[in-house]
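K.L.:
One structure, pasted below without further comment.
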Amino acid sequence: LFRHGLRTPTKTYTNDPYTEAFWGVPWGELSTQGMAQQFAQGKRMRKMYVEDTPLVGPKYSRYETYVRSADFPRCSQSAQANLAAFYAGSPTFPNDVTDWPSNWTPIPIHTVPHDEDHVLEGYEPEVCPKFIQLKIDRLQTREFLDFVASNWKLLYVINANTGDPEDYTFGAIAQLFASLSVEKDFNLTLPDWVTDEFYADLEIANNKGVDYTLGEVGFGLSMNPEMIKLSTGFLLNEWIGNIKEVLNGTSSVKYYAYSGHDATIGSILIGLGVKDELMGPTNPDFASTVAFELWEKDSVHYIKVSFP
Ligand SMILES: *[C@@H]1O[C@H](CO)[C@@H](O)[C@H](O)[C@H]1NC(C)=O
Ligand SMILES: *[C@@H]1O[C@H](CO)[C@@H](O)[C@H](O)[C@H]1NC(C)=O
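Residue numbers for the sequence shown follow this note's numbering, beginning at 18 and rising by one.
Laid out in structure tokens, this is it:
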């Protein structure tokens with residue numbers, strides 16, 4: 018399961034000097050660097066599962082590999098870039114066509130419409146209003162509101178500078194961090210009011226709250242099983258189905274690749290209780306990949322979760 022590669026911000030604050038016109042591509046579009054990140058990840062996956070452990074054959078076959086993407090351009094493009102590297106050794110392309118991209122086999126990428134995608138985007142308002150209601154409830158607890166209020170200095174700077182409608186909620190922190198962190202990834206110069214100290218505090222505040230908004234334990238509440246069920250239960254169920262089919266011999270697929278978002282990875286790891294241990298309290302990075310491997314030892318099956 019991977020997050021798409023580096024993209025442009027999905028939106029930004031009113032006074033941001035870096036507008037959509039600055040980027041020259043739509044909001045949230047996969048960047049060429051993001052394509053390169055995914056290509057590099059596909060190479061690493063090929064080394065792991067095709068070369069070092071010959072689990073998947075070097076020749077593409079739909080009997081062995083299944084790719085499923087969220088219906089976002091950046092996700093399906095990421096899957097294509099990733100699989101281009103994974104199957105760069107596959108002889109399944111025409112070699113007598115002028116200008117055919119070198120060693121490129123087109124790999125099928127399955128998807129479903131965004132607002133029906135409970136498997137990869139169950140935490141989105143268009144997909145599951147119930148999840149959003151539970152999240153809103155969670156943001157209203159006394160302990161969480163106290164945490165937000167304790168960040169009054171940050172919120173004051175945000176409201177004095179962004180030009181957005183007044184907002185003293187956690188959303189103001191998370192939204193601004195989402196924009197600024199991407200601009201930082203692109204090595205852009207940030208406005209003067211974004212001092213190093215401000216940015217560091219913003220990151221700390223974001224990271225304290227972000228997993229909690231997905232249902233993680235925190236601020237006096239335990240992990241919220243209903244939120245987890247809605248955000249990631251369908252993905253977990255699909256995987257368990259995949260495993261059962263492999264174990265009862267009705268499927269020969271060896272490699273399932275899922276292309277989603279930071280929250281897709283965050284939700285499943287929070288649900289399994291391993292998010293903090295695997296990657297700490299931060300948003301999963303662009304192109305970060307989590308592997309779930311089915312192993313058998315002495316006739317007992319195990320799942321190995323890793324962050325390779
Ligand atoms: C930003 O700078 C770093 C360090 O020089 C570089 O590795 C990275 O590729 C740059 N990012 C982009 C998006 O150009
Ligand atoms: C194999 O497992 C799948 C998933 O649980 C199930 O739908 C299917 O009926 C099973 N088939 C056989 C032959 O056991």
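A virtual CB, placed ideally from N, CA and C, is assigned to each residue, including glycine.
This one's a predicted model, so the numbers in the text were calculated from it and none came from an experiment.
Identify the residues that DSSP records as bridge partners of K314: which are they?
P.N.:
What you label residue 314 is simply residue 297 of the sequence shown in a count that begins at 1. DSSP, once it has assigned bridges, lists V317 as partnering K314.
K.L.:
Between F31 and D181, is the Cβ-Cβ spacing less than 8 Å?
P.N.:
In the sequence shown, residue 31 corresponds to position 14, counting from 1. In the sequence shown, residue 181 corresponds to position 164, counting from 1. Sequence inspection shows Thr at residue 31; the Phe mentioned does not correspond to that position. Contact flag set, yes.
K.L.:
If we ignore side chains and look at the alpha-carbon of each, how far apart do Q192 and S284 end up?
P.N.:
As a working mapping, residue 192 is identified with position 175 in the sequence shown. As a working mapping, residue 284 is identified with position 267 in the sequence shown. Those two C-alpha atoms are separated by around 19 Å.
K.L.:
Can you give me the C-alpha to C-alpha distance between L286 and D293, rounded to a whole angstrom?
P.N.:
Along the sequence shown, read from residue 1 onward, the residue named residue 286 stands at position 269. Along the sequence shown, read from residue 1 onward, the residue named residue 293 stands at position 276. So the two alpha carbons sit approximately 8 Å from each other.
K.L.:
Return the residue from the list L151, E310, K314 that minimises the CA-CA distance to G232.
P.N.:
As a first step, residue 232 must be located in the sequence shown, where it is residue number 215. Selected option, being the one with the closest Cα: L151.
K.L.:
Strictly closer than 7 Å from CB to any heavy atom of ligand 2: give me those residues in the order they appear in the chain.
P.N.:
G258, K261, E262, N265, T267
K.L.:
Which residue comes first and which comes last in the beta strand (DSSP E) that contains G188?
P.N.:
As a first step, residue 188 is located in the sequence shown; it is residue number 171 there, counting from the start. No beta strand (DSSP E) holds G188; the alpha helix (DSSP H) holding it covers 187–202.
K.L.:
Please confirm whether any heavy atom of ligand 1 lies closer than 7 Å to the CB of Q58.
P.N.:
On the sequence shown, residue 58 is found 41 positions in, with the first residue counted as 1. No, ligand 1 has no heavy atom inside 7 Å of this Cβ.
K.L.:
With a threshold of 16 other CB atoms inside 10 Å of the CB of E138, please say whether the residue is buried or exposed.
P.N.:
Stepping through the sequence shown from its first residue, residue 138 is reached at position 121. Its Cβ being crowded by 16 or more others within 10 Å, E138 is buried.
K.L.:
Tell me, which residues are paired with F309 by DSSP?
P.N.:
Position 292 of the sequence shown, counted from the first residue, corresponds to residue 309. Paired residue(s): V322.
K.L.:
If you measure from the CB of F203, is any heavy atom of ligand 1 nearer than 7 Å?
P.N.:
As a position in the sequence shown, residue 203 is number 186, starting the count at 1. True, at least one ligand heavy atom lies under 7 Å from that Cβ.
K.L.:
Taking 7 Å as the cut-off, is the C-beta of Q50 nearer than that to any heavy atom in ligand 1?
P.N.:
Translated into positions along the sequence shown, residue 50 becomes position 33. Because some heavy atom of ligand 1 lies under 7 Å away, the Cβ of Q50 counts as near it: yes.
K.L.:
Could you have a look at F328 and say whether DSSP puts it in helix, strand or coil?
P.N.:
With the chain covering only 18 through 325, there is no way to say anything about residue 328.
K.L.:
My output table needs one value for T49: the three-state DSSP class, helix, strand or coil.
P.N.:
On the sequence shown, position 32 is the one that residue 49 refers to. Reduced to three states, the DSSP call for T49 is helix.
K.L.:
By a C-beta neighbour count over all protein chains shown, 10 Å radius and 16 as the cutoff for buried, is E214 buried or exposed?
P.N.:
Looking up residue 214 in the sequence shown gives position 197. Result: exposed.
K.L.:
Out of I126, G266, G188, A101, state which residue places its alpha-carbon closest to the alpha-carbon of F89.
P.N.:
Position 72 of the sequence shown, counted from the start, is the residue given in the question as residue 89. Of I126, G266, G188, A101, the residue nearest in Cα terms is I126.
K.L.:
Based on Cα-Cα distance, which residue from D218, V227, W40 lies nearest to V199?
P.N.:
Indexing the sequence shown from 1 puts residue 199 at position 182. The residue with the shortest Cα to Cα distance from V199 is W40.
K.L.:
Going along the chain, which residues of its own chain have a beta-carbon closer than 7 Å to the beta-carbon of T165, five neighbours each way excluded?
P.N.:
Start at 1 with the first residue of the sequence shown, and residue 165 comes out as number 148. The residue you asked about is not Thr; residue 165 is Val in the sequence shown. T186, F187, listed in sequence order.
K.L.:
Determine the contact status of S276 and S93, defining contact as a CB-CB distance below 8 Å.
P.N.:
Here residue 276 refers to the residue found at position 259 of the sequence shown. Here residue 93 refers to the residue found at position 76 of the sequence shown. Yes; because the gap between Cβ atoms is below 8 Å, this pair is in contact.
K.L.:
Secondary structure at G266, three-state DSSP: helix, strand or coil?
P.N.:
As a working mapping, residue 266 is identified with position 249 in the sequence shown. In this structure, G266 counts as coil in the three-state DSSP scheme.
K.L.:
What is the DSSP secondary structure of L205, reduced to helix, strand or coil?
P.N.:
Within the sequence shown, numbered from 1, the residue matching residue 205 stands at position 188. Of the three classes helix, strand and coil, the one that applies to L205 here is coil, per DSSP.
K.L.:
Give me, in chain order, the residues of the same chain whose beta-carbon lies closer than 8 Å to that of W312; leave out the 5 immediate sequence neighbours on both sides.
P.N.:
Mapped onto the sequence shown, residue 312 falls at position 295. Excluding residues within five positions, the ones whose Cβ falls inside 8 Å are H318, Y319, I320, K321.
K.L.:
Cα separation between F370 and E143?
P.N.:
Residue 370 lies beyond the stretch modelled for the chain, which goes from 18 to 325, so this question has no answer here.
K.L.:
Please return the same chain residues whose Cβ sits closer than 6 Å to the Cβ of E160, not counting the five positions on each side in sequence.
P.N.:
Residue numbering aside, residue 160 sits at position 143 when the sequence shown is read from its first letter. So the qualifying residues of the chain are F236, G237.
K.L.:
If you draw a straight line from the alpha carbon of W117 to that of V227, how long is it in whole angstroms?
P.N.:
Residue numbering aside, residue 117 sits at position 100 when the sequence shown is read from its first letter. Residue numbering aside, residue 227 sits at position 210 when the sequence shown is read from its first letter. Roughly 44 Å between the two C-alpha positions.
K.L.:
Helix, strand or coil for G288, going by three-state DSSP, please let me know.
P.N.:
In the sequence shown, residue 288 corresponds to position 271, counting from 1. DSSP places G288 in helix when its eight states are reduced to three.
K.L.:
Between which two residues does the alpha helix (DSSP H) carrying R85 extend?
P.N.:
Counting from 1 along the sequence shown, the entry for residue 85 is found at position 68. Premise fails: R85 lies in the beta strand (DSSP E), 82–86, not in any alpha helix (DSSP H).
K.L.:
So, do the region 92–111 and the region 46–58 have three or more beta carbon pairs nearer to each other than 8 Å?
P.N.:
Judged by Cβ distances under 8 Å, the region 92–111 makes contact with the region 46–58, as three or more pairs qualify.
K.L.:
Is L247 closer than 8 Å to Y216 when the C-beta atoms are compared?
P.N.:
Position 199 of the sequence shown, counted from the start, is the residue given in the question as residue 216. Position 230 of the sequence shown, counted from the start, is the residue given in the question as residue 247. Result no, Cβ atoms of Y216 and L247 do not sit closer than 8 Å.
K.L.:
According to DSSP, is Y77 part of a helix, a strand, or is it coil?
P.N.:
Your numbering for residue 77 matches position 60 in the sequence shown. It is coil, neither helix nor strand.
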